[in-house]
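Counting from 1 along the sequence shown, just add 570 to a position and that's the residue number in the working numbering. One structure is given here, and the rest of the page talks about it.
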Amino acid sequence: MKDKDKTKEKLITELVELRQKITELEEMKNKSKITEKSLLENEKRFRGLFDHMSSGGAVYEAKDNGRDFIFKDFNRAAEKIDKIKKKDTIGKSVLKVFPGVKDFGLFKVFQEVYKTGKPQYHPISFYQDQRITGWRENYVYKLPSGEIVAVYDDITERTQAEENLRKSPNKNLPAYSEVPPRP
(Lines of atoms letter the chains of each structure in order from A and count residues from 1; the text may use other names and numbers.)
(Lines give C-alpha, C1' and ligand atoms only; values in the text may rest on other atoms or scores of the structure.)
Protein backbone atom coordinates (compact mmCIF):
# COMPACT_ATOMS: atom_id res chain seq x y z
CA MET A 1 0.00 0.00 0.00
CA LYS A 2 1.34 3.42 -0.93
CA ASP A 3 1.67 6.13 1.72
CA LYS A 4 -0.96 8.32 0.04
CA ASP A 5 -3.50 5.51 0.44
CA LYS A 6 -2.84 5.05 4.19
CA THR A 7 -4.83 6.62 6.95
CA LYS A 8 -3.30 9.20 9.21
CA GLU A 9 -3.36 6.73 12.11
CA LYS A 10 -1.60 4.06 10.05
CA LEU A 11 1.14 6.53 9.03
CA ILE A 12 1.62 7.62 12.66
CA THR A 13 1.84 3.96 13.78
CA GLU A 14 4.47 3.23 11.11
CA LEU A 15 6.40 6.35 12.08
CA VAL A 16 6.43 5.29 15.74
CA GLU A 17 7.63 1.81 14.72
CA LEU A 18 10.39 3.33 12.57
CA ARG A 19 11.51 5.55 15.44
CA GLN A 20 11.63 2.52 17.75
CA LYS A 21 13.72 0.61 15.21
CA ILE A 22 16.06 3.58 14.80
CA THR A 23 16.45 3.77 18.59
CA GLU A 24 17.18 0.02 18.72
CA LEU A 25 19.77 0.36 15.94
CA GLU A 26 21.44 3.27 17.74
CA GLU A 27 21.58 1.20 20.95
CA MET A 28 23.08 -1.72 19.02
CA LYS A 29 25.62 0.63 17.44
CA ASN A 30 26.59 1.98 20.88
CA LYS A 31 26.91 -1.54 22.31
CA SER A 32 29.01 -2.52 19.31
CA LYS A 33 31.34 0.44 19.92
CA ILE A 34 31.68 -0.51 23.59
CA THR A 35 32.40 -4.13 22.66
CA GLU A 36 34.95 -3.04 20.05
CA LYS A 37 36.66 -0.76 22.58
CA SER A 38 36.76 -3.60 25.11
CA LEU A 39 38.23 -5.97 22.52
CA LEU A 40 40.93 -3.43 21.63
CA GLU A 41 41.78 -2.97 25.31
CA ASN A 42 41.99 -6.74 25.79
CA GLU A 43 44.21 -7.04 22.71
CA LYS A 44 46.54 -4.35 24.09
CA ARG A 45 46.62 -6.11 27.46
CA PHE A 46 47.39 -9.46 25.84
CA ARG A 47 50.03 -7.92 23.56
CA GLY A 48 51.75 -6.24 26.51
CA LEU A 49 51.77 -9.45 28.52
CA PHE A 50 52.87 -11.59 25.58
CA ASP A 51 55.67 -9.26 24.48
CA HIS A 52 57.07 -8.59 27.95
CA MET A 53 56.85 -11.96 29.69
CA SER A 54 60.14 -13.69 30.46
CA SER A 55 59.06 -16.99 28.91
CA GLY A 56 59.23 -17.56 25.19
CA GLY A 57 55.89 -17.57 23.46
CA ALA A 58 54.82 -18.62 19.98
CA VAL A 59 51.41 -18.81 18.35
CA TYR A 60 50.83 -21.24 15.48
CA GLU A 61 48.11 -21.88 12.94
CA ALA A 62 47.56 -25.53 12.05
CA LYS A 63 47.77 -26.46 8.36
CA ASP A 64 46.52 -29.61 6.66
CA ASN A 65 44.68 -30.77 9.77
CA GLY A 66 47.79 -30.58 11.97
CA ARG A 67 50.38 -31.91 9.52
CA ASP A 68 52.22 -28.61 9.89
CA PHE A 69 52.08 -25.50 12.06
CA ILE A 70 52.74 -21.98 10.77
CA PHE A 71 54.06 -19.17 12.99
CA LYS A 72 51.47 -16.44 13.59
CA ASP A 73 53.27 -14.66 16.45
CA PHE A 74 56.59 -14.86 18.28
CA ASN A 75 57.45 -12.80 21.36
CA ARG A 76 60.63 -10.97 22.37
CA ALA A 77 61.72 -13.60 24.88
CA ALA A 78 61.43 -16.26 22.17
CA GLU A 79 63.61 -14.13 19.88
CA LYS A 80 66.26 -13.98 22.60
CA ILE A 81 66.01 -17.66 23.59
CA ASP A 82 66.11 -18.98 20.04
CA LYS A 83 68.37 -16.33 18.53
CA ILE A 84 66.00 -15.55 15.67
CA LYS A 85 63.93 -12.49 14.77
CA LYS A 86 60.15 -12.53 14.76
CA LYS A 87 60.13 -11.39 11.12
CA ASP A 88 62.10 -14.52 10.20
CA THR A 89 59.44 -16.80 11.70
CA ILE A 90 56.04 -15.29 10.87
CA GLY A 91 54.28 -17.17 8.08
CA LYS A 92 56.84 -19.96 8.10
CA SER A 93 56.53 -23.61 9.04
CA VAL A 94 57.78 -24.68 12.46
CA LEU A 95 59.43 -27.60 10.62
CA LYS A 96 61.53 -25.15 8.57
CA VAL A 97 62.41 -22.74 11.39
CA PHE A 98 63.09 -25.51 13.93
CA PRO A 99 64.06 -28.60 11.91
CA GLY A 100 64.69 -30.60 15.10
CA VAL A 101 61.16 -30.10 16.46
CA LYS A 102 60.03 -33.65 15.60
CA ASP A 103 63.07 -35.33 17.20
CA PHE A 104 62.58 -33.03 20.19
CA GLY A 105 59.05 -34.45 20.63
CA LEU A 106 57.26 -31.11 20.61
CA PHE A 107 55.68 -31.52 17.17
CA LYS A 108 53.73 -34.56 18.39
CA VAL A 109 52.54 -32.50 21.37
CA PHE A 110 51.34 -29.78 18.96
CA GLN A 111 49.38 -32.38 17.01
CA GLU A 112 47.81 -33.88 20.14
CA VAL A 113 46.81 -30.49 21.54
CA TYR A 114 45.40 -29.45 18.16
CA LYS A 115 43.43 -32.70 17.87
CA THR A 116 42.12 -32.95 21.46
CA GLY A 117 42.10 -29.32 22.60
CA LYS A 118 43.64 -30.45 25.89
CA PRO A 119 46.74 -28.56 27.13
CA GLN A 120 49.94 -30.56 27.48
CA TYR A 121 53.21 -30.14 29.29
CA HIS A 122 56.31 -31.13 27.33
CA PRO A 123 58.93 -31.95 29.97
CA ILE A 124 62.51 -30.72 30.02
CA SER A 125 64.15 -31.95 26.84
CA PHE A 126 67.25 -31.17 24.83
CA TYR A 127 66.64 -29.37 21.51
CA GLN A 128 69.26 -29.33 18.80
CA ASP A 129 69.55 -28.23 15.17
CA GLN A 130 72.23 -26.56 13.03
CA ARG A 131 71.42 -23.13 14.51
CA ILE A 132 70.76 -23.65 18.23
CA THR A 133 70.97 -26.14 21.07
CA GLY A 134 69.59 -26.05 24.57
CA TRP A 135 67.32 -27.47 27.23
CA ARG A 136 63.69 -26.38 26.91
CA GLU A 137 60.54 -26.83 28.95
CA ASN A 138 57.21 -26.27 27.12
CA TYR A 139 53.54 -25.87 27.91
CA VAL A 140 51.20 -26.06 24.90
CA TYR A 141 47.52 -25.16 24.70
CA LYS A 142 44.85 -24.43 22.11
CA LEU A 143 43.03 -21.11 21.77
CA PRO A 144 39.30 -20.92 20.98
CA SER A 145 40.36 -19.70 17.51
CA GLY A 146 42.02 -23.09 16.92
CA GLU A 147 45.53 -21.65 17.10
CA ILE A 148 48.16 -23.45 19.16
CA VAL A 149 50.28 -21.59 21.73
CA ALA A 150 53.62 -22.75 23.11
CA VAL A 151 54.97 -21.03 26.23
CA TYR A 152 58.47 -22.17 27.03
CA ASP A 153 61.61 -21.53 29.01
CA ASP A 154 65.26 -22.02 28.20
CA ILE A 155 66.56 -23.90 31.22
CA THR A 156 70.00 -24.62 29.78
CA GLU A 157 71.84 -22.63 32.47
CA ARG A 158 69.82 -24.22 35.27
CA THR A 159 70.40 -27.70 33.85
CA GLN A 160 74.13 -27.03 33.51
CA ALA A 161 74.31 -25.68 37.08
CA GLU A 162 72.53 -28.77 38.39
CA GLU A 163 74.96 -30.98 36.46
CA ASN A 164 77.92 -29.03 37.90
CA LEU A 165 76.50 -29.52 41.39
CA ARG A 166 76.22 -33.25 40.83
CA LYS A 167 79.86 -33.33 39.72
CA SER A 168 81.12 -31.10 42.54
CA PRO A 169 82.85 -32.53 45.64
CA ASN A 170 80.54 -33.42 48.53
CA LYS A 171 81.92 -30.59 50.69
CA ASN A 172 80.01 -28.04 48.57
CA LEU A 173 76.69 -29.88 48.56
CA PRO A 174 75.39 -28.91 52.04
CA ALA A 175 75.47 -25.19 51.20
CA TYR A 176 73.51 -25.78 48.00
CA SER A 177 71.15 -28.34 49.48
CA GLU A 178 69.70 -25.61 51.72
CA VAL A 179 68.66 -23.52 48.73
CA PRO A 180 64.96 -24.11 48.09
CA PRO A 181 64.17 -25.75 44.75
CA ARG A 182 62.90 -23.58 41.93
CA PRO A 183 59.11 -23.84 41.53
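Note that CB positions come from ideal geometry on N, CA and C, so glycine has one too. Remember, predicted model here, so these are calculated numbers, not experimental data.
| Asked | Found |
| --- | --- |
| For S715 and D575, the rounded distance between their alpha carbons | 53 angstroms |
| Anticipated Cβ contact below 8 angstroms, V667 with F641, distance rounded | 7 angstroms |
| Residues near I651 in its chain [Cβ-Cβ closer than 6 angstroms; skip 5 each side] | G626, D724 |
| Unbroken stretches of the alpha helix (DSSP H), 4 residues or longer, contained in the region 642-693 | 646-652, 664-667, 671-674, 676-686 |
| Nonlocal neighbours in the same chain, by C-beta distance under 7 angstroms from A648, ignoring five residues either side | G626, G627, A628 |
| Segment limits, alpha helix (DSSP H) that includes N612 | 578-622 |
| Beta-carbon spacing of V710, Q730 below 7 angstroms | no |
| Three or more C-beta pairs below 8 angstroms linking the region 695-713 and the region 674-684 | yes |
| CA-to-CA distance, L609 to I582, given in whole angstroms | 40 angstroms |
| N- and C-terminal bounds of the beta strand (DSSP E) containing N708 | 703-712 |
| Cβ-based burial, A745 [other Cβ within 10 Å; buried from 16] | Note that A745 scores a pLDDT of 49, beneath 50, so its modelled location is shaky and nothing firm can be said. |
| Where Q638 falls: helix, strand or coil (DSSP) | What sits at residue 638 in the sequence shown is Asp, not Gln. In the structure shown, D638 sits in a strand (DSSP, three-state: E or B). |
| Element boundaries [alpha helix (DSSP H), containing K785] | Given that the chain is displayed from residue 571 to residue 753, the structure contains no residue 785 and the question cannot be resolved. |
| Three-state class that DSSP yields for D575 in the structure shown | helix |
| Inter-residue spacing [alpha-carbon to alpha-carbon] between K601 and L595 | 10 angstroms |
| Alpha-carbon spacing of S624 relative to Q590, whole angstroms | 53 angstroms |
| For G626, the residue or residues it bridges with in DSSP | Y722 |
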